[in-house]
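**Q** Below you will find the structure I want to go over with you.
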Amino acid sequence: MDYKKLAELLYPDVDKTIDYYLKKYPKRNLPNKAEVMRIAPSPTGYLHTGHAYSAFISRATTRKTNGVFYFRLEDTDQKRLIDNAGTIAYDMLCYYDMKPDEGYTGDNKPQIGEYGNYIQSKRLDIYKCFAKHLVSIGRAFPCFCEKSENKEDILNKRQEQIENTGTIIDKDVCRNLTYEQIEQNIKDKKPFALKLLSCGDINKTFKFHDLIKGNREIRQNTKDIVLVKSNGIPPYSFAHVVDDTLMGTTIVVRGEEWFPSLASHLEIFNAFGFKPPKYAHTPVICKLDENSNKRKLSKRKDPEADVRYFIEQGYPVVSVMEYLLNLLNSDFELWRKNNAFTSYKDFDFKIEKIGSNNPMFDFNKLNDVSKNCISKFNKDEVYQQLTTWAKVYDNDFYNILTKDEDYTKLVLNIDRENSKPRKDIAKWSDVKNLYGYMFNLFNPNSKSDYQLDGVDLQKLKEVCSCYINVYNENDDKQTWFNNIKDMANSLGYATDNKLYKENPQNFKGNVSDVCMFLRIAITGLKDSPDLYSICSILKKEKVVEMLNKISLIK
RNA sequence: GGCCUUAUGGUCAAGAGGUUAAGACGCCGCCCUCUCAAGGCGGAAUCACGAGUUCGAUUCUCGUUAAGGCUACCA
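Counting from 1, position 553 in the first sequence corresponds to residue 754 in the working numbering; the numbering is continuous, with no gaps.
Below, the structure is given as C-alpha cells:
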C-alpha cells in the first residue's frame, strides 16, 4: 500500500510535518543532569492523594536537579470532565507547596512556558500531524469498527471473547483493509479511529530499566492500540508519547497500573524514532477496607483520597508532605531525627529509595508526624495557621480565637517553645476539643459537661471550696504547688507518692487526686495540660468562678 | 481466561547468602510527674507456603497461595 497516499486521504488538511513541531519545541537549555518532569492529571475529579504522592516525587527531583516541573492538563476524556477540576488540582499543588515551574495554571489563566499549549484538548492539530506521520510510514491504520459506548459493554465483550476464543484478539481486523476499502469508507464519511499497526512479537522480550522497579524484562507489545479516537482526540498513550517528547520530559512518574501498557508506549516512541523518557512506576497508596482487604484508595469511598480532606481536617501542609515523604523514602525518618529543624525540602530525596510495594494509608502515623511538626511551630505560627483554618472551617471558633489574639496565643503557648514541647495537636480541628475550656466552650452549669465518672463529688466539692481561700494568682509555680500540697495534707491527702502507694488506706487520696478535682472544676476534664499554666492564663476571677460553680452541681 | 506487579510484626519498613533480623507508628509495662501529652527505660509481635541451589536461604531459582493491577475509542 502507498502509505503516503493513505496519509493524505486520512488527513488532507494537515500541512505541517512533525519536523515543524520538533523544531518549534527545541531541546531545553538546562544544566547538566537537570530533569524535566510533570504532573499530568485528568480533570475528572479532584486531586487524588496518589497524585500528590507522585507530584511530590517530581517536585523534589526537579528541585534537586535544577530542572523543570510542569503541569499538563490531560483532558482527553470528554465524557468524564468535571468543571473546575483542573483549577482545583493546580491550586492544591500550590497549597501543598509543590507549585509547578511551568504549564497550566488554571482554567482561563495564562499558561507559563514555551512548550505549550499545556492543555491536551488544545493540541489536537499537533496530534493529527503526528498521527499522519505514523500513517505515512505504515505504522498506523484507520479502524472503522463501531465502538462500544460504555464500560459495561466493553467488559461483556471482553468476557465473551475470552469464553469463545480463550484469549483477547489484539490484531485489529481493520489493519487488513485495502486502500480502496478505506477510500470508500472515507467517501461514505464513516468516522474512524486511528490504530497502531503493532509489529511486536508476544514471544520476544526486551530489557528495560525502571527507576523504581529496577531492571525488568518486558514482553513486546502486540496490541493495535488506539492512537486517535474517532472524535479526533488521542487517548493517554499517544498523547503521552507526543507531548512528553515535545515538552522534553526526561522522567515520567506514574502509578504502577501503567506498567502493563509500557510496552505499547515504547512501541510508539520506537515507531517515531523518538528516545523515550526514563520511567518511574510508583506503588499505589492503599487502605484496609471493612473486610480487612487491601485496596487502592478510592475517591468515592475514602475521604482521604482527596487531598482537600487534609485541609478540611486542618493538617498543616508540612505534616502531609512529611507523611508522604515517609512513605516514599523510609530513611527520611532517621534524617528527621538528626535534623529536627531543617525543612523537609532539604532532605536528599531519591527516587531509587522508593519501595515497590503498595503502602497502606496510616492515620496513626500521619497524626504522629503531624504532632511532631506542630510541636515545632512557635505560638505565632500556630495562631496564624489555626485561625486561617478556623476562618474557613469553623467560623464560630474563629471569632472566639481572634477576639483576643494575645490571650489565644498564651493558650497556644502552653508547654510550647521549650525543649520538650507538648505534642497534643495533630490537626487544627483538634484544638477546640483540647482547649475549648480556655474559651468558655465548657458549660460549668451542666453536670453532664464535667467528666465525673468514678469521681467522688463530695470530696471534689470539699477540695474546691477549700482551695478558693488558698489560691493566690501571684504565686510562682513552686509556691502554687506547695500551697496545694499543704491544703491536701490538711484535708487528709497524701503528698508523698511513695507513702501513699505503700498505705493508700491511710489517706483520703493522693495529692494527684486533689489536682484532679481542681482540674475537673476548672476545665471539666480529668486530663489537661499543666494546671498552673491554665490558672495563670484564666486569671483569678475565672478560677474562683469555676470553683464556685462546681459547688452548685448536684 | 491471559498478562503484569507485590509478598519481612497490626501498619510503614531497613537489611544482607552466615545479623541477637535495624528504626518509626500503634499496643502493653515501668520510671518521671498535679493528670494528660511529652520524655526515659523495657516488653509482646515479622521474614506467606512448598521444593531446588548451597556447608548454610528470610535473602538466589522454580512452583503454590494470597493481594493488587492491566486486558477501553478511561486515565
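All C-beta atoms in this analysis are idealised placements derived from N, C-alpha and C, irrespective of residue type, glycine included.
1) Just how far apart, CA to CA, sit Glu353 and Gln362?
2) What is the rounded straight-line gap between the Cα of Lys566 and the Cα of Cys295?
3) Going by Cα to Cα distance, which pick from Ala481, Pro213, Tyr516, Asn684 is closest to Phe460?
4) Round the Cβ separation of Lys329 and Tyr212 to the nearest angstrom and send it over; I've been treating them as touching at under 8 Å.
5) Provide the residue(s) that pair with Cys487 in DSSP beta bridges, ordered along the chain.
6) Among Asn646, Phe598, Leu498, Met299, which one has its Cα closest to the Cα of Met238?
7) For Asn619, which option in Phe578, Phe270, Lys648 has the closest C-alpha, if you only look at C-alpha atoms?
8) Are three or more beta carbon pairs between the stretch 273–281 and the stretch 226–246 nearer than 8 Å?
9) Give me, in chain order, the residues of the same chain whose beta-carbon lies closer than 7 Å to that of Asp503; leave out the 5 immediate sequence neighbours on both sides.
10) Report the three-state DSSP secondary structure of Thr245 (helix, strand or coil).
11) Who are Ala286's beta bridge partners in DSSP?
12) In the DSSP assignment, what are the bridge partners of Lys408?
13) Return the first residue and the last residue of the beta strand (DSSP E) that Gly456 is part of.
14) Need the endpoints of the alpha helix (DSSP H) that Leu467 sits in, please.
15) DSSP state of Phe342, grouped into three classes?
16) Output yes or no for whether 8 Å exceeds the beta carbon distance between Ser520 and Ser571.
17) Glu606 by DSSP, collapsed to three states: which one?
18) How about Leu412 and Lys479: do their beta carbons lie closer than 8 Å?
19) Under three-state DSSP, which class holds Phe272?
20) By how many angstroms is the C-alpha of His441 removed from the C-alpha of Tyr254?
21) Could you tell me if Met202 is buried or exposed, where buried requires 16 or more neighbouring beta carbons within 10 angstroms of its beta carbon?
22) Taking DSSP's pairing of strands, which residues face Ile626 in a bridge?
23) Using the three-state DSSP reduction, which class does Ile313 fall into: helix, strand or coil?
24) On a CA-only basis, which of Lys546, Lys333, Asp214, Lys391 is nearest Cys346? Give me that one, please.
25) List the endpoints of the continuous beta strand (DSSP E) containing Leu231.
26) On the CB-based measure, 16 or more other CB atoms within 10 Å of its CB, does Arg537 come out buried or exposed?
27) Span of the beta strand (DSSP E) holding Ala394?
28) Can you tell me whether Asn530 is helix, strand or coil according to DSSP?
29) Smallest Cα separation from Tyr545: which of Leu528, Glu523, Lys554, Asp532?
30) Relative to the C-alpha of Asp563, which residue among Cys736, Glu746, Lys495 is closest?
31) Is the distance from the Cβ of Gly725 to the Cβ of Tyr672 below 8 Å?
32) So Thr603 and Thr589 are in contact, right, with Cβ under 8 Å, and what is the actual spacing, rounded?
33) What is the rounded straight-line gap between the Cα of Ser752 and the Cα of Leu700?
**A** Quick look at the numbers:
1) Looking up residue 353 in the first sequence gives position 152. Looking up residue 362 in the first sequence gives position 161. Roughly 14 Å separates the two Cα atoms.
2) The residue labelled residue 566 in the question sits at position 365 within the first sequence. The residue labelled residue 295 in the question sits at position 94 within the first sequence. Each residue's Cα considered, the two are about 24 Å apart.
3) Residue 460 sits at position 259 when you count from the first residue of the first sequence. Phe460 has its Cα closest to that of Ala481, out of Ala481, Pro213, Tyr516, Asn684.
4) Sequence index remark: in the first sequence, residue 329 carries index 128 (1-based). Sequence index remark: in the first sequence, residue 212 carries index 11 (1-based). Contact between Lys329 and Tyr212 holds: their C-beta atoms lie close to 6 Å from each other, under 8 Å.
5) Stepping through the first sequence from its first residue, residue 487 is reached at position 286. Cys487 pairs with Lys497, Met561.
6) As a first step, residue 238 is located in the first sequence; it is residue number 37 there, counting from the start. If we check each option's Cα against that of Met238, Met299 comes out closest.
7) For the purposes of this step, residue 619 is taken as the residue at position 418 of the first sequence. For the residues Phe578, Phe270, Lys648, the minimum Cα distance to Asn619 belongs to Phe578.
8) yes
9) Taking the first sequence and counting its residues from 1, the one referred to as residue 503 is at position 302. Lys488, listed in sequence order.
10) Position 44 of the first sequence, counting from 1, holds the residue named residue 245. In the structure shown, Thr245 sits in coil (DSSP, three-state: anything other than H, G, I, E or B).
11) The residue labelled residue 286 in the question sits at position 85 within the first sequence. None, per the DSSP bridge assignment.
12) Stepping through the first sequence from its first residue, residue 408 is reached at position 207. Glu418, per the DSSP bridge assignment.
13) Taking the first residue of the first sequence as position 1, residue 456 is located at position 255. Counting along the chain, the beta strand (DSSP E) containing Gly456 begins and ends at 452–456.
14) To locate residue 467, count along the first sequence from 1; it is residue 266. Element bounds for Leu467: 463–473.
15) Here residue 342 refers to the residue found at position 141 when the first sequence is read from its first residue. Strand.
16) In the first sequence, counting from the first residue as 1, residue 520 sits at position 319. In the first sequence, counting from the first residue as 1, residue 571 sits at position 370. Yes. Within cutoff.
17) On the first sequence, residue 606 is found 405 positions in, with the first residue counted as 1. The answer is helix: DSSP assigns Glu606 an H, G or I state.
18) Counted from its first residue, the first sequence places residue 412 at position 211. Counted from its first residue, the first sequence places residue 479 at position 278. It is a contact, given that the beta carbons lie within the stated cut-off.
19) Residue 272 sits at position 71 when you count from the first residue of the first sequence. Looking at Phe272 - three-state DSSP - the assignment turns out to be strand.
20) Along the first sequence, read from residue 1 onward, the residue named residue 254 stands at position 53. Along the first sequence, read from residue 1 onward, the residue named residue 441 stands at position 240. Roughly 20 Å separates the two Cα atoms.
21) For the purposes of this step, residue 202 is taken as residue 1 along the first sequence, with counting starting at 1. Burial call: exposed.
22) Locating residue 626 in the first sequence gives position 425, where the first residue counts as 1. Paired residues: none, contrary to the question.
23) For the purposes of this step, residue 313 is identified with residue 112 of the first sequence, where counting begins at 1. Three-state result, Ile313: strand.
24) Along the first sequence, one-based indexing puts residue 346 at 145. For Cys346, the nearest C-alpha among the options comes from Lys391.
25) For the purposes of this step, residue 231 is taken as the residue at position 30 of the first sequence. Note, Leu231: premise wrong, no beta strand (DSSP E); not H, not E.
26) For the purposes of this step, residue 537 is taken as residue 336 along the first sequence, with counting starting at 1. Arg537 is buried by the Cβ-count criterion.
27) What you label residue 394 is simply residue 193 of the first sequence in a count that begins at 1. From DSSP, the beta strand (DSSP E) with Ala394 extends over 394–397.
28) Start at 1 with the first residue of the first sequence, and residue 530 comes out as number 329. Correct three-state label for Asn530: coil.
29) Here residue 545 is taken as the residue at index 344 of the first sequence, counted from 1. Ranking the options by Cα distance to Tyr545, first place goes to Glu523.
30) On the first sequence, position 362 is the one that residue 563 refers to. Asp563 has its Cα closest to that of Lys495, out of Cys736, Glu746, Lys495.
31) Position 524 of the first sequence, counted from the first residue, corresponds to residue 725. Position 471 of the first sequence, counted from the first residue, corresponds to residue 672. No, Cβ-Cβ distance for Gly725 and Tyr672 is not below 8 Å.
32) In the first sequence, the residue the question calls residue 603 occupies position 402. In the first sequence, the residue the question calls residue 589 occupies position 388. With a Cβ gap of about 11 Å, Thr603 and Thr589 do not count as contacting.
33) Sequence index remark: in the first sequence, residue 752 carries index 551 (1-based). Sequence index remark: in the first sequence, residue 700 carries index 499 (1-based). Their backbone Cα atoms lie some 30 Å apart in a straight line.
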